[in-house]
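Participant: Just so we're aligned, residue 0 is where the sequence shown starts under numbering that gives the first Met the number 0, counting upward by one.
For glycine and all other residues, C-beta sits at the position ideal for the given N, C-alpha and C.
Below you'll find the structure I mean.
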Amino acid sequence: MPIQLHESLQAAEEEKALPTVLAYNRIDGPGSSLDLSEFQQTFWKLPDNYDMADSTCKWTENLPRTVGITIDTGTRIEAHPFDEDLIGVKSVEYETEVTAHPGKVTPVRENWLLKIMEIFNLSGVKFVLQNLREGIQSSGLGGSSTATIGVCILANELAGQPFSKIQLISLASRIEQGFGVSITGTQEQSNVIFGGVTDYVWFPWGKPGNPGTGYGESQRYELVAPVDYGLLEDRMAIFHTGHPRLSSEVNQTWRNALLTEDGYRLHSQKLKVAYEFREGLRLQKWGHVFDSVEKYRNIRIKLCEGYMENSWDLLQRACNFNSTIFPLGAGGGGGVLLFSPDPASLEELRVDLKGMYKEIPFKIRSRGHEISNL
């Protein structure tokens, strides 16, 4: 029998206490795209003498990894009472709504979130999604994945938590990619589950020697403690180019390059650069962070010049102020990360960009999501 939520949600609505999940976005950087399944599986190999407790994580420098930095933008997802025999999903920003009878959700792209609700056997409920900040759609911050894993978290809570955190990550990633919403890995989903400034070392089949589900998981390390978030915030900014992104085309170009000799060689160079980025953040060696961003971006450009579409002017301006840039997500327009080892130089760059590009202000968060009224 379906889990009927109509009456309980009506009572919650009267009390103005609807079940809600706030799912937060992330800043990626060197290591992004290594979370895609093809890259995880291609470059993973059993390391020698691995020590999960080693804070330097030197044994992982040749393994695929990504660093996620949780920020206070994202998506609010509320559960509303609905027709007892229906489920629904409404997006406020995109002005879309889809509904269906549980058990009759067709597996088409626009139904990807509805299918998640059906998987959890819910009925009599509509999820309403709204961005926490206006005007940042398609910004390279992992918005669609944030929404997907957020829906998984809320549905899992309403269903009594039948799935583990790792299973939710796998579910969100597989549904989003399988339904053709975007080419995605597991970084954005992991970020929403775990949060903070976190290094994810990918284990596509689970950790060696540990029982697991076989869905794959990550070994996670906190790189920057909350007390030091301000040091990183002072050196980072996000600006939006004002142009639509070409994320799926860019990701597909990178995937195709993996099948060529030169492309494989270039992609393999990302592993150590991602490790340098990780260590730069952990040790607060901001020059190392700067260098790794430069190296990783240049590798990406060689693999797909379209990655920098609409970002070349930002790069030139950043160079004039002891700063660098990193188009977020797959690039091709959208949000761009600005970084400088010197906070004063970044402030000068902000002044130079004022009136030309829109800044997306942010604060770093230690948690990837928040649950209320459950």
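#1: Can you give me the Cβ contacts of residue 165 inside the same chain, cut-off strictly under 7 Å, excluding the 5 residues immediately before and after it?
#2: How would you label residue 39, buried or exposed, when you count the other beta carbons within 10 angstroms and need 16 or more for buried?
#3: Would the beta-carbon of residue 193 fall within 9 Å of that of residue 218?
#4: Among the residues of its own chain, which have a CB less than 8 Å from the CB of residue 300, if the five just before and after it don't count?
#5: Give the DSSP-derived three-state secondary structure of residue 265 in the structure shown.
#6: Can you give the Cα-Cα distance for residue 140 and residue 45, rounded to whole angstroms?
#7: Please report the distance separating the alpha-carbon of residue 82 from that of residue 31.
#8: Looking only at DSSP bridge pairs, what is residue 338 linked to?
#9: In chain order, which continuous runs of the beta strand (DSSP E) of length 3 or greater are located wholly inside the segment 18-87?
#10: Who are the Cβ neighbours of residue 175 in its own chain at under 8 Å, not counting the five residues just before and after it?
#11: Can you tell which of 227, 274 and 79 has the C-alpha that lies nearest to the C-alpha of residue 56?
#12: Drop a sphere of 10 angstroms on the beta-carbon of residue 122, count the other beta-carbons inside from all chains shown, and report buried for 16 or more, exposed for fewer.
#13: Report the rounded CA-to-CA distance for residue 233 versus residue 271, giving the unit in angstroms.
#14: Would you identify the three-state DSSP class for residue 90, choosing helix, strand or coil?
#15: Rounded to a whole number of angstroms, what is the C-alpha to C-alpha distance between residue 374 and residue 128?
#16: In the DSSP output, which residue or residues are listed as bridge partners for residue 99?
#17: Since residue 316 is in the alpha helix (DSSP H), which residue starts that stretch and which ends it?
#18: Does the beta-carbon distance from residue 249 to residue 363 come in below 9 Å?
#19: If you follow the beta strand (DSSP E) that residue 197 is in, where does it begin and where does it stop?
#20: If you check the beta carbons only, do residue 4 and residue 80 fall under 9 Å apart?
#21: Is there contact between the segment 89-103 and the segment 46-66, where contact requires at least three CB pairs shorter than 8 Å?
#22: With a 10 Å radius around its C-beta and 16 neighbouring C-beta atoms as the bar for buried, classify residue 235 as buried or exposed.
#23: Looking at residue 199: is its Cβ nearer than 9 Å to the Cβ of residue 323?
#24: In three-state terms, what does DSSP make of residue 274?
#25: Looking at the unbroken alpha helix (DSSP H) that takes in residue 117, where does it start and where does it end?
#26: At what residues does the alpha helix (DSSP H) containing residue 308 begin and finish?
#27: Leaving aside the five residues before and after residue 295 along the sequence, list all residues of the same chain whose C-beta is less than 6 Å from its C-beta, in chain order.
Facilitator: A quick look at the data gives this:
#1: 212, 214 and 216
#2: buried
#3: no
#4: 306 and 307
#5: helix
#6: 31 Å
#7: 41 Å
#8: 235 and 323
#9: 19-26 and 64-80
#10: 111, 143, 144, 147, 181 and 183
#11: 274
#12: buried
#13: 26 Å
#14: strand
#15: This structure cannot speak to residue 374, because the chain is shown only from 0 to 373.
#16: 86
#17: 311-318
#18: no
#19: 196-202
#20: yes
#21: no
#22: buried
#23: no
#24: helix
#25: 111-118
#26: Careful: residue 308 lies outside any alpha helix (DSSP H) and carries neither H nor E.
#27: 29 and 272
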